[in-house]
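Asks: Chains as they are written, first to last, in the working numbering: chain A, 1 to 194; chain B, 1001 to 1313. Below is a structure I'd like to ask you about.
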Amino acid sequence: MPPLNYFVVESPDEVGRDAYERIAADVLQDLDLIKVIDRLHIYVDPNVPIFVAAGVLRHMPRAIRVADFANVNRGENEIVLDIGDETYLAPLLQRLWLLFGKENVEQPDRFTVVLPAGVSGEEDLEQMVVANPSETLYKDVIYALQYIAPEGFKVRRQYIREGRFYYVASEDTLPADIVKRMVVPICEKMGVTL
Amino acid sequence: MTTLVPVTYKGGVYRHDEIMDLIEDLGGYIVQKHVMAQDVVLQSFVPRDDIDLIREVAKPLAGEVIEAPLVGTEIAVVSPSLEIHHLPHTSCDIAEYLRSAGAKTNMVGLARGFGKRIANLNDEERDVINEHDLAVYVLGSFEECIRQKFPVLRRGIHVPIIVTGAPDRETLMRIIDPPVEGYVGSIGRIMHRFKRPEELAKLDELVDEVSRTLDARRDALARDPLSVFPPRLMAIVEEQIHEVTMLTHPTPVTVQMEGLRVKLPYDMYADAVRALEVTDGVTVGDIADVTPSRMRNYILIRIKPFSETRILV
Chain A
1 MPPLNYFVVE SPDEVGRDAY ERIAADVLQD LDLIKVIDRL HIYVDPNVPI FVAAGVLRHM
61 PRAIRVADFA NVNRGENEIV LDIGDETYLA PLLQRLWLLF GKENVEQPDR FTVVLPAGVS
121 GEEDLEQMVV ANPSETLYKD VIYALQYIAP EGFKVRRQYI REGRFYYVAS EDTLPADIVK
181 RMVVPICEKM GVTL
Chain B
1001 MTTLVPVTYK GGVYRHDEIM DLIEDLGGYI VQKHVMAQDV VLQSFVPRDD IDLIREVAKP
1061 LAGEVIEAPL VGTEIAVVSP SLEIHHLPHT SCDIAEYLRS AGAKTNMVGL ARGFGKRIAN
1121 LNDEERDVIN EHDLAVYVLG SFEECIRQKF PVLRRGIHVP IIVTGAPDRE TLMRIIDPPV
1181 EGYVGSIGRI MHRFKRPEEL AKLDELVDEV SRTLDARRDA LARDPLSVFP PRLMAIVEEQ
1241 IHEVTMLTHP TPVTVQMEGL RVKLPYDMYA DAVRALEVTD GVTVGDIADV TPSRMRNYIL
1301 IRIKPFSETR ILV
């Protein structure tokens, strides 16, 4: 795993600490979040019981536009979109159908989409936003933390805003001041204020 | 008396029936046959003196005969949870590895096994685990959780138990009271498939621990032998109740160390099984308890020891 700028796992149980370090690394790698998370601090203590994860996101991925994965070739009668990467083809087709009508969008093969020339809105086709990965990123980060936490810790509190996030979970009811008592000091260690 | 030893035969499909005939002619038993595409795996018991003969016959067929200590045993791999939360599951790798050593393994995922405060074991889970020869408990990463949970998860279990978890062997031995039959440390919650050499070494250690425990049980059985050798009873059931051959289960009749699980409905077939003649004048009902299994509606046969029946077939 390529290192996060800050990655610390703390636990009074030394063996458990090592295990959770490996678990966190595996999960972040599997969910492809290493590039997204900049700093992560995990504290887990089964005696309390409590699991706290807090961190900072690196940068939000920007919106994907047509020009990012396709060439737009304007001809006399038609516009040919030459698709380089199929990842966002499905949302692109959805957008095109909505804008130009299904009967005007032809797809002779997997990597080609043909539109008639002169339809309204074709001018800024290159800059059209097709998908926004950051919309689902928040969910992915929280899902990853839920996945890392021990299974029995079902009571949880989560927060993700402006690039900072925390996730607190326990088997028992969480006290009202848990964020102040446990999360804030951890964030301070990373040099972050909530 | 010839001693039957558990072995695995691995070879191609081509002419494997000759090996099967040979094993049966030598007085051995085939407990399980797996055909996977071009390959055949036979889990069997063969006379110790004839292993070389089988190796010789198998040579031109590129087949190999390996000693497999766990053939003829049914093992429960018990995990506090089989939730998506833990995928890929450690217990899957463990069950698979025990299978490669010849055991028939069943995975038992507890309904309420997670959480150290709320973990429990219900009566169905307890009874199902008790129908096996041995239970492997696949536990997690924290010493404190194992200490609190394990006494609850083992309540009412009387088959030998092997515990695995992230703490090392010595710690497991220290925190588990009363002691169980075996311990394998440094496994715990692993979120990837077992692939590193040290992880695979742990699986080998587990197989050693399981076979050591089962060998101890075999020694005890040798002192007061069962009225009939389970694989022999299996051959009789398969020969005389033809419905068994129509079942699609991988092991329609599962051999255990002290009995059999027959995957036919108890209500319809129990009397037929009891009335089966094992040898002249001796029926299954005379030498074994035929009871309903807690696993679906199967039949569980527990063979009684010689000391109880005064019959040795």
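By construction, the Cβ of each residue, glycine as well, lies at the ideal position given by its N, Cα and C atoms. Because the structure is a prediction, the values reported are computed rather than measured.
1) By how many angstroms is the C-alpha of residue 12 of chain A removed from the C-alpha of residue 1258 of chain B?
2) Exposed or buried, which one is residue 1106 of chain B when buried takes at least 16 other CB atoms within 10 Å?
3) Mind checking which residues open and close the alpha helix (DSSP H) that includes residue 1100 of chain B?
4) I need the straight-line Cα distance from residue 1209 of chain B to residue 1187 of chain B, nearest angstrom please.
5) What is the rounded straight-line gap between the Cα of residue 189 of chain A and the Cα of residue 181 of chain A?
6) Name the chain A residues whose beta carbon is nearer than 9 Å to that of residue 1089 of chain B?
7) Taking the alpha-carbon of residue 144 of chain A as reference, which of A:76, A:160 and A:131 has the nearest alpha-carbon?
8) Compare the C-beta of residue 204 of chain A with all C-beta atoms of chain B and state if any pair is closer than 7 Å.
9) Does residue 1293 of chain B come within less than 7 Å of chain A when only Cβ atoms are used?
10) Under 7 Å, Cβ to Cβ, is there at least one residue of chain B near residue 171 of chain A?
11) In chain B, which residues lie less than 8 Å from residue 20 of chain A when you measure between Cβ atoms?
12) Residue 1166 of chain B touches chain A at which residues, Cβ-Cβ below 7 Å?
13) At 7 Å on the CB atoms, spell out the chain B contacts of residue 26 of chain A, in chain order.
14) Might you give, ordered along the chain, the residues of its own chain that have their beta carbon closer than 7 Å to the beta carbon of residue 39 of chain A, omitting 5 neighbours on each side?
15) Are the beta-carbon atoms belonging to residue 1226 of chain B and residue 1303 of chain B less than 7 Å from one another?
16) Have a look at residue 1097 of chain B and residue 1138 of chain B and give me their C-alpha separation to the nearest angstrom.
17) Work out the CA separation of residue 84 of chain A and residue 137 of chain A for me, nearest whole Å.
18) Whose C-alpha, out of B:1288, B:1299 and B:1262, is nearest the C-alpha of residue 1306 of chain B?
19) With 8 Å as the C-beta to C-beta threshold (strictly closer), list the residues of the stretch 1107-1134 of chain B near chain A in chain order.
20) What does residue 1081 of chain B reach in chain A if we use C-beta pairs closer than 7 Å?
21) Measure from the C-beta of residue 23 of chain A to each C-beta in chain B and report whether the shortest distance is under 7 Å.
22) Between the alpha carbons of residue 1176 of chain B and residue 1112 of chain B, how many angstroms are there, rounded?
23) Along the chain, where does the beta strand (DSSP E) that runs through residue 1034 of chain B open and close?
24) Thinking just about the alpha-carbon of each residue, which of A:47, A:109, A:176 and A:166 is nearest to the one in residue 139 of chain A?
25) Please list the terminal residues of the continuous beta strand (DSSP E) segment that includes residue 1279 of chain B.
26) Secondary structure at residue 91 of chain A, three-state DSSP: helix, strand or coil?
27) Residue 1020 of chain B to residue 27 of chain A, Cα distance in whole Å?
28) Restricting to runs no shorter than 4 residues, where is the alpha helix (DSSP H) found entirely within the stretch 129-155 of chain A?
29) Whose C-beta lies closer than 6 Å to the C-beta of residue 1160 of chain B among residues of the same chain, with five residues either side of it excluded?
30) Is the shortest distance between the beta-carbon of residue 1145 of chain B and the beta-carbons of chain A less than 7 Å?
31) Taking residue 6 of chain A as the query, report the chain B residues whose CB atoms sit under 7 Å from its CB, ordered along the chain.
32) Can you tell me which residues form a DSSP beta bridge with residue 81 of chain A?
33) Quick check on the DSSP output: the alpha helix (DSSP H) that includes residue 20 of chain A runs from which residue to which?
34) Taking the alpha-carbon of residue 1164 of chain B as reference, which of B:1199, B:1130 and B:1195 has the nearest alpha-carbon?
35) Compute the beta-carbon to beta-carbon distance between residue 195 of chain A and residue 78 of chain A, rounded to the nearest angstrom, for a pair I have assumed lies under 8 Å.
36) With DSSP collapsed to three states, give me the class of residue 180 of chain A.
Replies: Reading from the atomic positions:
1) Locating residue 1258 of chain B in the second sequence gives position 258, where the first residue counts as 1. Locating residue 12 of chain A in the first sequence gives position 12, where the first residue counts as 1. Spanning the two alpha carbons is a distance of roughly 45 Å.
2) Residue numbering aside, residue 1106 of chain B sits at position 106 when the second sequence is read from its first letter. With 16 or more Cβ atoms within 10 Å of its Cβ, residue 1106 of chain B is classed as buried.
3) Within the second sequence, the letter at position 100 stands for residue 1100 of chain B. Unbroken alpha helix (DSSP H) run through residue 1100 of chain B: 1090-1100.
4) The sequence position of residue 1209 of chain B within the second sequence is 209, counting from 1. The sequence position of residue 1187 of chain B within the second sequence is 187, counting from 1. Rounded to the nearest angstrom, the two C-alpha atoms are 14 Å apart.
5) Residue mapping note: residue 189 of chain A aligns to position 189 of the first sequence, counting from 1. Residue mapping note: residue 181 of chain A aligns to position 181 of the first sequence, counting from 1. Near 13 Å, if we compare the C-alpha coordinates of residue 181 of chain A and residue 189 of chain A.
6) Here residue 1089 of chain B refers to the residue found at position 89 when the second sequence is read from its first residue. What residue 1089 of chain B touches in chain A: nothing, since even the nearest Cβ is about 12 Å away.
7) Sequence index remark: in the first sequence, residue 144 of chain A carries index 144 (1-based). Out of A:76, A:160 and A:131, A:160 has the C-alpha closest to the C-alpha of residue 144 of chain A.
8) What the structure shows of chain A is the stretch from 1 to 194, and residue 204 of chain A is not part of that stretch, so it cannot be assessed.
9) Within the second sequence, the letter at position 293 stands for residue 1293 of chain B. It does not: the Cβ of residue 1293 of chain B has no partner Cβ on chain A nearer than 7 Å.
10) Your numbering for residue 171 of chain A matches position 171 in the first sequence. At least one chain B Cβ lies under 7 Å of residue 171 of chain A.
11) Locating residue 20 of chain A in the first sequence gives position 20, counting from the first residue. Going along chain B in sequence order, the residues near residue 20 of chain A (Cβ under 8 Å) are 1141.
12) Within the second sequence, numbered from 1, the residue matching residue 1166 of chain B stands at position 166. Chain A residues near residue 1166 of chain B: 15, 16 and 19.
13) Within the first sequence, the letter at position 26 stands for residue 26 of chain A. Residues of chain B passing the Cβ test: 1191 and 1192.
14) If you number the first sequence from 1, residue 39 of chain A lands on position 39. Hits under 7 Å: 4, 5, 6, 55, 56 and 190.
15) Residue numbering aside, residue 1226 of chain B sits at position 226 when the second sequence is read from its first letter. Residue numbering aside, residue 1303 of chain B sits at position 303 when the second sequence is read from its first letter. Cβ atoms of residue 1226 of chain B and residue 1303 of chain B: closer than 7 Å.
16) Sequence index remark: in the second sequence, residue 1097 of chain B carries index 97 (1-based). Sequence index remark: in the second sequence, residue 1138 of chain B carries index 138 (1-based). So the alpha carbons of these two residues sit roughly 14 Å apart.
17) Numbered from its first residue, the first sequence carries residue 137 of chain A at position 137. Numbered from its first residue, the first sequence carries residue 84 of chain A at position 84. Approximately 24 Å, taken between the alpha carbons.
18) Mapped onto the second sequence, residue 1306 of chain B falls at position 306. Closest by alpha carbon: B:1288.
19) 1114, 1115, 1116, 1117, 1118 and 1119
20) To locate residue 1081 of chain B, count along the second sequence from 1; it is residue 81. Going along chain A in sequence order, the residues near residue 1081 of chain B (Cβ under 7 Å) are 151.
21) Position 23 of the first sequence, counted from the start, is the residue given in the question as residue 23 of chain A. Yes, because at least one Cβ of chain B sits closer than 7 Å to the Cβ of residue 23 of chain A.
22) Here residue 1176 of chain B corresponds to residue number 176 of the second sequence, with the count starting at 1. Here residue 1112 of chain B corresponds to residue number 112 of the second sequence, with the count starting at 1. Residue 1176 of chain B and residue 1112 of chain B: Cα-Cα distance of roughly 21 Å.
23) The residue given as residue 1034 of chain B occupies position 34 in the second sequence. 1029-1036 is the span of the beta strand (DSSP E), which, as asked, contains residue 1034 of chain B.
24) In the first sequence, counting from the first residue as 1, residue 139 of chain A sits at position 139. Checked all of A:47, A:109, A:176 and A:166; the closest Cα to residue 139 of chain A is A:166.
25) Position 279 of the second sequence, counting from 1, holds the residue named residue 1279 of chain B. Its beta strand (DSSP E) spans residues 1277-1279.
26) Locating residue 91 of chain A in the first sequence gives position 91, counting from the first residue. The answer is helix: DSSP assigns residue 91 of chain A an H, G or I state.
27) For this step, residue 1020 of chain B is matched to residue 20 along the second sequence. For this step, residue 27 of chain A is matched to residue 27 along the first sequence. Cα to Cα, residue 1020 of chain B sits roughly 46 Å from residue 27 of chain A.
28) 134-148
29) Locating residue 1160 of chain B in the second sequence gives position 160, where the first residue counts as 1. Excluding residues within five positions, the ones whose Cβ falls inside 6 Å are 1134, 1181 and 1213.
30) What you label residue 1145 of chain B is simply residue 145 of the second sequence in a count that begins at 1. Answer yes: the Cβ-Cβ gap between residue 1145 of chain B and chain A drops below 7 Å somewhere.
31) For the purposes of this step, residue 6 of chain A is taken as residue 6 along the first sequence, with counting starting at 1. Ordered by position in chain B, no residue passes the 7 Å Cβ test against residue 6 of chain A, which lies about 21 Å from the chain.
32) For this step, residue 81 of chain A is matched to residue 81 along the first sequence. Bridge partners of residue 81 of chain A: A:72 and A:113.
33) Here residue 20 of chain A corresponds to residue number 20 of the first sequence, with the count starting at 1. Start and end: 14-30.
34) Counting from one through the second sequence, the residue named residue 1164 of chain B turns up at place 164. For residue 1164 of chain B, the nearest C-alpha among the options comes from B:1199.
35) Nothing in the structure corresponds to residue 195 of chain A, since chain A is present only between 1 and 194.
36) Residue 180 of chain A sits at position 180 when you count from the first residue of the first sequence. Here residue 180 of chain A sits in helix by DSSP.
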